[in-house]
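My numbering puts the first residue of the sequence shown at 7, with every later residue one more than the last.
Okay, so here's the structure we're looking at.
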Amino acid sequence: MAVGAHLGIPLREYDERIRTFIPWYDEMLDEAAACLPRRGGKSATLVDLGIGSGALAAECVSVWPRARVIGFDSDAEILQMAGARLGSRLTGCVGDFETATMPRCEAIVSAFALHHVRTARSKATLYRKCHRALTAGGVLVIADCQLSSRADLAVVDRAAWLSHLCQYYTAAESRAFLRAWAKQDHYLTLTDELALLQAAGFRTDVRWRRYSFAVIVASR
Ligand SMILES: C[S@@+](CC[C@H](N)C(=O)[O-])C[C@H]1O[C@@H](n2cnc3c(N)ncnc32)[C@H](O)[C@@H]1O
């Protein structure tokens, strides 16, 4: 599904509206970019899965100024926004990152896109593919919603997300967003996400966590 339709917004408003939907969006992107290992100015290939308008890749480029970015997205229109942001350093690939051949790279990053992977089995396959594509010492960095394993904390986390939405929308609109996304998106618990990454061969760290949102770095 095209991003605008999924979020129920005109695509030109994406950069503004994503910040009303996701609490700590900018902070999470900063934290994700900060997980890239220091390369002392060496060139590198960085892959962004579900690059969207390119905000995370742009943060990464500020840490790796000589990086070439390969951005996958199934939505050609939003990929154009990433192109406008990243210029000639971006190679945009319109297509499904689950089935695409993953290029050899030093880092793979992804923000708020991997919850579109429908099953844990598909995610396990994707993580194994990422592990094979990364050079030694490479990292997979994920910023996304990762649920608590405890039902009582999951309730608190949902209330925190709702309270963020209510700063911008009515309570009814905010609840409707969460209901609609819950139908389309596929969230795992943080514990299960880490287990899948470890089973694929990664060492894992949780670099940042607030309520149900987390930045994970998985190192090869
Ligand atoms: C919520 S947006 C996040 C975009 C961006 N990473 C950000 O942080 O703003 C999710 C993006 O992932 C893309 N996407 C979802 N599943 C995908 C898939 N299987 N293959 C390629 N792109 C996908 C969508 O088209 C969309 O642009």
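Every residue, glycine too, gets a C-beta built ideally from N, C-alpha and C.
May I ask you to report which of helix, strand or coil DSSP gives residue i?
| i | result |
| --- | --- |
| Arg72 | coil |
| Arg185 | helix |
| Arg213 | strand |
| Ala149 | strand |
| Ala50 | strand |
| Gly98 | strand |
| Val123 | coil |
| Gly143 | strand |
| Gly77 | strand |
| Phe103 | coil |
| Leu55 | strand |
| Cys172 | coil |
Return the chain-ordered list of same chain residues with a C-beta closer than 8 Å to the C-beta of residue i, the five sequence neighbours on each side being excluded.
| i | result |
| --- | --- |
| Arg25 | Tyr31, Asp32 |
| Arg131 | In the sequence as presented, Arg is not what sits at residue 131; that position holds Thr. So the qualifying residues of the chain are Glu104. |
| Thr125 | His192 |
| Thr23 | This sequence places Arg at residue 23; Thr is not what is there. Same-chain partners within the cutoff: Leu13, Ile15. |
Might you give, ordered along the chain, the residues of its own chain that have their beta carbon closer than 6 Å to the beta carbon of residue i, omitting 5 neighbours on each side?
| i | result |
| --- | --- |
| Ala224 | Leu146, Leu203, Phe208, Thr210 |
| Tyr193 | His121, Cys151, Leu153 |
| Cys99 | Phe78 |
| Ile114 | Val53, Cys136, Leu146 |
| Phe118 | Asp150 |
| His170 | Pro29 |
| Tyr133 | Leu202, Leu203, Ala206 |
Closest to residue i by CA distance: which of the options is it?
| i | options | result |
| --- | --- | --- |
| Ser80 | Arg91, Gly101, Ser94 | Gly101 |
| Ser68 | Met87, Arg95, Gly58 | Arg95 |
| Tyr217 | Tyr175, Val161, Ala188, Gln190 | Val161 |
| Asp21 | Ala90, Ile76, Leu55 | Ala90 |
| Gly46 | Val53, Pro71, Leu35 | Pro71 |
| Lys48 | Arg18, Glu112, Leu13 | Glu112 |
| Leu42 | Arg181, Ala63, Glu83 | Ala63 |
| Arg185 | Thr131, Ala220, Trp167 | Trp167 |
| Asp198 | Ser155, Leu17, Leu13, Arg134 | Ser155 |
| Phe27 | Gln173, Leu55, Arg18, Ala106 | Gln173 |
| Leu200 | Asp158, Thr176, Ile148 | Ile148 |
| Leu196 | Thr107, Tyr175, Val221 | Val221 |
Quick check: does the Cβ of residue i come within less than 7 Å of any heavy atom belonging to ligand 1?
| i | result |
| --- | --- |
| Asp102 | yes |
| Gly56 | yes |
| His170 | no |
| Val53 | no |
| Ser80 | yes |
| Ile24 | yes |
| Ala40 | no |
| His122 | yes |
| Leu62 | yes |
| Val221 | no |
| Ile84 | yes |
| Phe118 | yes |
| Val9 | yes |
| Ser59 | yes |
So, are the CB atoms of residue i and residue j less than 8 Å apart?
| i | j | result |
| --- | --- | --- |
| Ala50 | Ala73 | yes |
| Ile57 | Ala88 | yes |
| Met34 | Phe219 | yes |
| Glu104 | Val75 | no |
| Arg164 | Glu37 | no |
| Ala139 | Arg110 | yes |
| Ser128 | Leu55 | no |
Tell me which same chain residues have a C-beta within less than 7 Å of the C-beta of residue i, skipping the five on either side of it?
| i | result |
| --- | --- |
| His137 | Ala206, Gly207, Phe208, Arg226 |
| Ser59 | Tyr20, Asp21, Ile84, Met87, Ala88, Arg91 |
| Gln190 | His12 |
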